[in-house]
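Step one of this worksheet: look at the structure below.
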Ligand SMILES: Nc1ncnc2c1ncn2[C@@H]1O[C@H](COP(=O)(O)OP(=O)(O)O)[C@@H](O)[C@H]1O
Ligand SMILES: [Mg+2]
């Protein structure tokens, strides 16, 4: 039976403890603003700090993270859904021992999956999640259901914006839809491709002023900045994390600061507004 194939070690469907797991979603509204680079390199930085990190490629159909890190996974979630593989079999190892769950084409049908398959997949995902300190979703661009699923399922939403006006309007559109349709109120913001932290803070303040005015129950927090650095595209061309290739570059120092900040924060503990069945909500099993 499918259940057997998907999960050879069946476990009771009990709420997982979130005491050691943080689920972050990185999103932006606009594409090309540096989400995948941030996810790959933040995951690298967290792994280097001794954290067990699983990056979930939630940019459905594009699978950028694999290419960015020079990985060529043979299997993806589609193989789990068809019963050919367990989740453990499809997770690939990246640099600094971080793990990547390739989406492949499998997740494209997330919204159309039968309930039974959603339950089995959720069971599998919940089970493997317990081994990790961090799960990081690299979402796609836009404000489609596939993006809002993963943002709503995460404990923390990190938004990436740049100095471009279109990036700011698109990130605002995402905040608005997540707030008004998915009851999200708290967002953290990273400003990418800036010349200085001063510039990043000024961009952030403009964004916060607009949300304060029009989305009164939204709270934005400045998480950090990433400098513009030609080493990013150099590393992209070499299909390696810039943190690995250029650890002392400006951009790596910025991501190091972000990783330090995130790792030093208090972890969510059960009963503190946590969502133990986070995968259930991601897959909308009700
Ligand atoms: N801090 C930066 N400095 C220089 N170039 C950057 C920076 N961040 C991103 N880029 C460029 O933007 C491109 C798109 O980044 P990517 O992470 O793929 O964006 P997204 O995932 O949001 O679509 C990268 O290939 C890189 O060339
Ligand atoms: Mg991307």
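Residue numbers (our numbering): 1 to 286. Yeah, the Cβ is synthetic: ideal placement off N, Cα and C, and Gly gets one too.
Under 9 Å, do residue i and residue j count as touching if we go by C-beta distance?
| i | j | result |
| --- | --- | --- |
| residue 54 | residue 100 | yes |
| residue 199 | residue 169 | no |
| residue 57 | residue 141 | no |
| residue 211 | residue 223 | no |
| residue 130 | residue 263 | no |
| residue 73 | residue 241 | no |
| residue 77 | residue 102 | yes |
Whose CA, out of the options, lies closest to the CA of residue i?
| i | options | result |
| --- | --- | --- |
| residue 209 | 42, 74, 60 and 172 | 172 |
| residue 127 | 93, 153, 87 and 144 | 87 |
| residue 144 | 28, 249 and 265 | 28 |
| residue 215 | 181, 195, 237 and 202 | 181 |
How should residue i be labelled, buried or exposed, when 16 other C-beta atoms within 10 angstroms of its C-beta is the threshold for buried?
| i | result |
| --- | --- |
| residue 235 | buried |
| residue 204 | buried |
| residue 192 | buried |
| residue 40 | buried |
| residue 134 | buried |
| residue 246 | buried |
| residue 32 | exposed |
| residue 3 | Any reading at residue 3 must be qualified, since the residue scores a pLDDT of 33, below 50, and its modelled position is unreliable; the value itself is stated next. Flag for residue 3 reads exposed. |
| residue 217 | exposed |
Hey, is residue i close to ligand 2, as in C-beta under 8 Å from one of its heavy atoms?
| i | result |
| --- | --- |
| residue 29 | no |
| residue 59 | yes |
For ligand 1, is there a heavy atom less than 8 Å away from the beta-carbon of residue i?
| i | result |
| --- | --- |
| residue 100 | no |
With hydrogens ignored, establish whether the beta-carbon of residue i is closer than 8 Å to any heavy atom of ligand 4.
| i | result |
| --- | --- |
| residue 36 | Although ligand 4 was asked about, the structure shown includes only ligand 1 and ligand 2 as ligands. |
For the 8 Å Cβ check, are there 3 or more pairs between the segment 60-77 and the segment 21-41?
yes
Would the segment 186-193 count as touching the segment 43-51 if we require 3 or more Cβ pairs under 8 Å?
no
Counting Cβ pairs, one atom from each stretch, are 3 or more of them under 8 Å apart for the segment 226-233 and the segment 18-28?
The segment 226-233 makes no contact with the segment 18-28; the number of CB pairs closer than 8 Å stays below 3.
Below 8 Å, how does it come out for the segment 244-261 and the segment 211-228: are there three or more Cβ pairs, yes or no?
yes
Tell me, please, whether the segment 145-155 touches the segment 175-183 by the rule of three or more beta-carbon pairs shorter than 8 Å.
yes
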